[in-house]
Amino acid sequence: MSTPLSMRQSLSLRVGSAGFLIFWCLLAAFPIVWIAVMSFKSPVDAFASNPLDVVIGPATRADGNGLSIIDIVLGLAALWASARFALRTLPRMVSRLTQPGTIVIGWIIAVSGFAVSFVIGFFVILPVILTGLNAIAGPLSTPLIGLTTVHYQSVWVDNEFYRNFLNSLLVTTGVVTVSLTVGTLAGYGLARSGSNLAFWLLILALIFRALPHSVLVAGYLPVFINSAEILRPIFGDAAPTLYGQPYAVIAVLVAINQPFTIWMLRSFFHSIPTELDEAARVDGCSHFQAFRRVIMPVMWPGVITTGLFSFLLGYNDFLVTSLLLDAQNQTMVPAIAGYFNRETTTTDQVEAIAAAVSITAPLFLLVMVFQRQIVSGLTAGAVKG
Amino acid sequence: MAEIQLRNLSKRWGSFIGVNNFDLTIADQEFLVLLGPSGCGKTTTMRMIAGLEDATEGEIWIGDRQVNDLDPKDRDVAMVFQSYGLYPHLNVYENIRFPLKVRKADPATHDERVMKAAEMVELTEFLHRKPAELSGGQRQRVALARAIVRKPSVFLMDEPLSNLDAKLRVSTRAQIKNLSHELKVTTVYVTHDQIEAMTLADRVVVMKAGVVQQVGTPTDIYDNPANTFVASFIGSPAMNLMDGDLRDGTFTGKNVEITGLNGADGPVTLGFRAEDASVAEAGTSGAVNAPLYTIELLGDATMLTVRAGGQMVSVKAHKEYRAGIGDPVSLAIPAAICHLFDRTTGARIAA
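If you're matching them up, the sequences are chains P and A in order.
For what it's worth, UniProt numbering labels the leading residue of the first sequence as 1, then goes sequentially.
For what it's worth, UniProt numbering labels the leading residue of the second sequence as 1, then goes sequentially.
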C-alpha cells in the first residue's frame, strides 16, 4: 500500500520516530529479557560485573552446563515448529474434528494434548536425541553458551513452588469467575436501566474503586480472624476461621475488583444497541433468554477483556495475598518475596528470579491466546450489526 | 388472523404526553400506516402494541386477548426495526431461523420455512453471510424474512425504509407491498414519509404531538384533510394554505380574491392543491394576481410560486410554461377545488 504524497513524512522524522520506537521497545523489554537470561545462569555469572559474562555464562559453562551449536539449532527449530503447529495447524484441526456446539471441549482437549506432547517432546525426547548427537558431532558439540535449569528445578521441585502456583490458580479462578458473573449481570442491568438509582449505584461503585486497597484489607482482617466466633451461631463448631484461606482473599479481591468490572462491562453493554434485545424479545425470548442467546455472544470480546484485567489483578496482587494468607496457602507473588530475607544468598536471588520468570510465562500465553478478542474488545463498537 | 383494538391508549412520562387517548380498531389483514413528524408518538404507539413500552392508560387487544400485561414474546407479533436489529454473531440463515428456534417450532420444518422466507425476499444467495457483510437493503430484507418466517398475528414495522437510499427505498417498498398482499397479516407500519404512507396503506392515521389528527384511506386524507396540519403534511408539494377573510362567499386576502365559496363570514384559511389550480388563460384575470416569486422546472411540469394570502403559493403549470422572476402572473383557482379551514383551530369547515 503506497502512502499518499501529502501523508508522507520527511526522512528525518521517520528516522527519528523509528529510533525512538526502537529505544522504547528496548527499554520496555530489557528487564524481562534480562531476568530471563539471568535465571538460566549460575549465580557467579548472573551477578557478573561484565554484561557479556551474564549473557554467555563462562562459569556456568565451566560447571558443565552448556549448549552446543547443535543444541541451540535443534532447540530453536523445535520451538519454532511447535509454535507454528499451535498457531496454524491446531485451530484447523479443531474446527474440522469437532461438532458444532462442542468447540469449547474440543479446544480444551486440543490444548491439553498439545501441552503434554510439548513437555514430553521438549524435555524428554529432545535431550535424549541431543545427547546422542553431541557424542558423535565432534567440534560442533563444544558448549558455547552456559545454560542451566537447576534454579527452575530447585524452585519448582525442591521449594514446592507448584503449591503456590495452584494457590494462585485457585485465587485467580475464583476472582475471575465471581467478578465476571456479577459484573455481566450488573453491567447489563445498569446499562439497560435508565433510572436514577442505577446512576447512583455506579457513582457508589466508583467511590469504592477509589478506596486504597489497604482500607479494605484493614476492614476485613479482624472479621476474618474472628470469623469462627462470629459464624458459630450459624454453623456451630464447624464454623471456619477464614483468615489464611484462599476464599477470604477471593472475597477481598472481588470487592476491590468488582466496581471496575461493573463499569467496564456496563460500557461494553452500552455499546450494544437496545434494538438487539428488543428484536430478541419480540422474536420469542424472555428477558433472560435475550441476554443469554443474543447479548452474551456479542459481548464475548468485552467479557474476555474484562476477565483478563480481573485475572491480572488477582494474579499480580501482593498486598492482600501477603496480609491475608498463611504460609501453606501463599500465592506466587508473595512467595517470591519470601526468597528475599536477611540471610539471602546469591543463589536465593537467582532462584527468586527464576520464580519471577515462571510467573510471567502464563501471562504471555494468555495474552497470545486471546489477543484477537482483546483487540476487538479494546476497540469496542465493532459489535454493531 | 387478528384484529387489533386500541382503547383509549395513553402514554405519559411524568408530565410529558407521548400518546394521548388513542382509540382505534385495526381490522384483520388491514395495512395500517401511522404517519406523522418525529416525536408525534407513532413509534411509541407501535412499541406499546409490541409490548416494548408499557401503556400508561388504556387497553390493547390483539384478537380476543387483552395483551397489556403480556411479554412481547407472548403477544404473537413480529417486528422490523429501523436499524434492522440483526444478530451480528449469526449468519443470515440463523438470523431468519432464530424465532423458530426460540419458540421451539418443530425442528424438521425449520429448513423449509427459512428457505421459503429467504426466497420471498430474494436472499437465498446470501444465507451464509454474516450481517456485517451485507448492504443496508439486504440487511433490511433479512429483518423482513425474520419477521415472516413465523406466521405471526401482527406485523409491526418501525420505519423500515428510512435507513435506505432513495432508489432502494422504492424497490423495498414495492416488495413490502407485495409481501403484505401475499401474507394477508394485519400490519402496522410507522413512517414519517407521506409517500410511503400513500403507497402502502389501506388506512392512514396521521398523528401530531401524541394526538390523532385524522384516520382514513389515503385518498380520504389527501382529498379531504381534516385540518390544516394534515393538509400541510400530506402531498408533495403540500397543500397551499392562504390566510384571508370570507365575506358573502368571497375569500379575500393579499393579492387574492376567490368567489363562489360557501361558509360563514369571518377569518379563514383557504387551501388548494398545486395540481388542481392552473395559470389563468391569456386575457382573463384569475383569482391570484401577483409577481412571480420563483419558477422551478420539474420535467413533467413547471412549478410557479407567488406570494398570496401571507404565504407562498405554488401552482403546477404546463411543462413548457416559461416566465421570468418578477413577471406578473395570474392564477385560476376555481371554488370547487378549495378547502376552507378555521383560522384559529385549523379544523376543516364543512362545505
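Think of the CB as a built atom: it goes at the ideal place given N, C-alpha and C, for glycine as much as any other residue.
None of these values were measured; they are calculated from a predicted model.
Query: Cβ neighbour criterion (16 or more within 10 Å) applied to P:Gly-381; Result: Confidence at P:Gly-381 is low in this model, with a pLDDT of 39, below 50, so its placement is unreliable and the value that follows should be read with caution. Exposed, because fewer than 16 other Cβ atoms sit within 10 Å of the Cβ of P:Gly-381.
Query: Contact with chain C by P:Gly-189, beta-carbon distance below 7 Å; Result: The question asks about chain C, but that chain is absent: this structure's protein chains are P and A.
Query: Boundaries (first-last residue) of the beta strand (DSSP E) holding A:His-339; Result: 339-342
Query: Cβ-Cβ separation, A:Val-154 to A:Val-185 (assumed contact under 8 Å), whole Å; Result: 7 Å
Query: Paired residues, beta bridge with A:Gly-216 - DSSP; Result: A:Val-204
Query: Test item: CB-CB of P:Gln-371 and P:Ile-304 under 7 Å; Result: no
Query: Supposed contact pair A:Leu-340 and A:Leu-270 - C-beta distance, whole angstroms, cut 8 Å; Result: 6 Å
Query: For A:Asp-327 and A:Thr-302, the rounded distance between their alpha carbons; Result: 15 Å
Query: Any C-beta of chain P under 7 Å from that of A:Ser-83; Result: yes
Query: Proximity test, Cβ basis, 7 Å: P:Leu-197 and chain A; Result: no
Query: Touch test, the stretch 157-165 of chain A against the stretch 88-104 of chain A, Cβ-Cβ under 8 Å, three pairs minimum; Result: no
Query: Interface residues of the stretch 295-318 of chain P facing chain A [CB-CB below 7 Å]; Result: Pro-297, Val-298
Query: Residue environment, A:Pro-107, which counts as buried when at least 16 other CB atoms sit within 10 Å; Result: exposed
Query: Nearest-angstrom Cα separation, counted from P:Glu-275 out to P:Ser-322; Result: 47 Å
Query: Neighbouring residues, chain P, relative to A:Lys-73 (Cβ below 8 Å); Result: Arg-281, Val-282, Asp-283, Gly-284, Cys-285, Ser-286
Query: Limits of the alpha helix (DSSP H) - the one that P:Pro-143 falls within; Result: That residue, P:Pro-143, is in no alpha helix (DSSP H); it is neither H nor E in DSSP.
Query: Partner residues on chain A for P:Gln-289, Cβ-Cβ distance less than 9 Å; Result: Lys-73, Val-102
Query: Cα-Cα separation, residue 433 of chain A to A:Pro-334; Result: Lying before the first or after the last residue shown, residue 433 of chain A is absent from chain A, which here runs from 1 to 351.
Query: Cα-Cα separation between P:Ala-361 and P:Ile-32, rounded to whole angstroms; Result: 11 Å
Query: Residue burial classification, P:Glu-343 (beta-carbon count within 10 angstroms, cutoff 16); Result: exposed
Query: Local conformation of A:Gln-5 per DSSP, three classes; Result: strand
Query: Nearest residue (CA-CA) to P:Val-150, options P:Leu-90, P:Asp-348, P:Ile-359, P:Leu-366; Result: P:Asp-348
Query: Coil, strand or helix - P:Lys-384 by DSSP; Result: Note that P:Lys-384 scores 43 on pLDDT, short of 50, meaning its location in the model is unreliable; the coordinates nonetheless yield the value given after this. P:Lys-384 falls in the coil class under three-state DSSP.
Query: At least 3 beta-carbon pairs within less than 8 Å: the stretch 265-279 of chain A vs the stretch 313-324 of chain A; Result: yes
Query: Beta-carbon proximity of A:Tyr-321 to A:Thr-305, cut-off 7 Å; Result: no
Query: CB-CB length for A:Ile-337 against A:Gly-263, believed under 8 Å; Result: Contact doesn't hold; Cβ gap of about 15 Å is too wide.
Query: A:Trp-61, enclosing beta strand (DSSP E) - first and last residue; Result: 57-62
Query: Cα-Cα separation, P:Leu-366 to P:Ala-354; Result: 20 Å
Query: Cβ neighbour criterion (16 or more within 10 Å) applied to P:Val-350; Result: buried
Query: Anticipated Cβ contact below 8 Å, P:Leu-180 with P:Ser-310, distance rounded; Result: 7 Å
Query: P:Thr-331 vs P:Asn-159 beta-carbon contact at 7 Å; Result: no
Query: Bridge partners - A:Leu-292, DSSP secondary structure assignment; Result: A:Val-306
Query: P:Leu-265 at chain A interface by Cβ criterion, 7 Å; Result: no
Query: Chain-ordered chain P contacts of A:Phe-98 [CB-CB under 7 Å]; Result: Asp-283
Query: Cβ distance (whole Å) where residue 354 of chain A is taken to contact A:Arg-139 below 8 Å; Result: Coverage of chain A is limited to positions 1 through 351, which leaves residue 354 of chain A absent and any answer about it impossible.
Query: Cα-Cα separation between P:Val-383 and P:Met-296, rounded to whole angstroms; Result: Low confidence applies to P:Val-383: its pLDDT is 38, below 50, so where it sits in the model is not reliable enough to give any reading.
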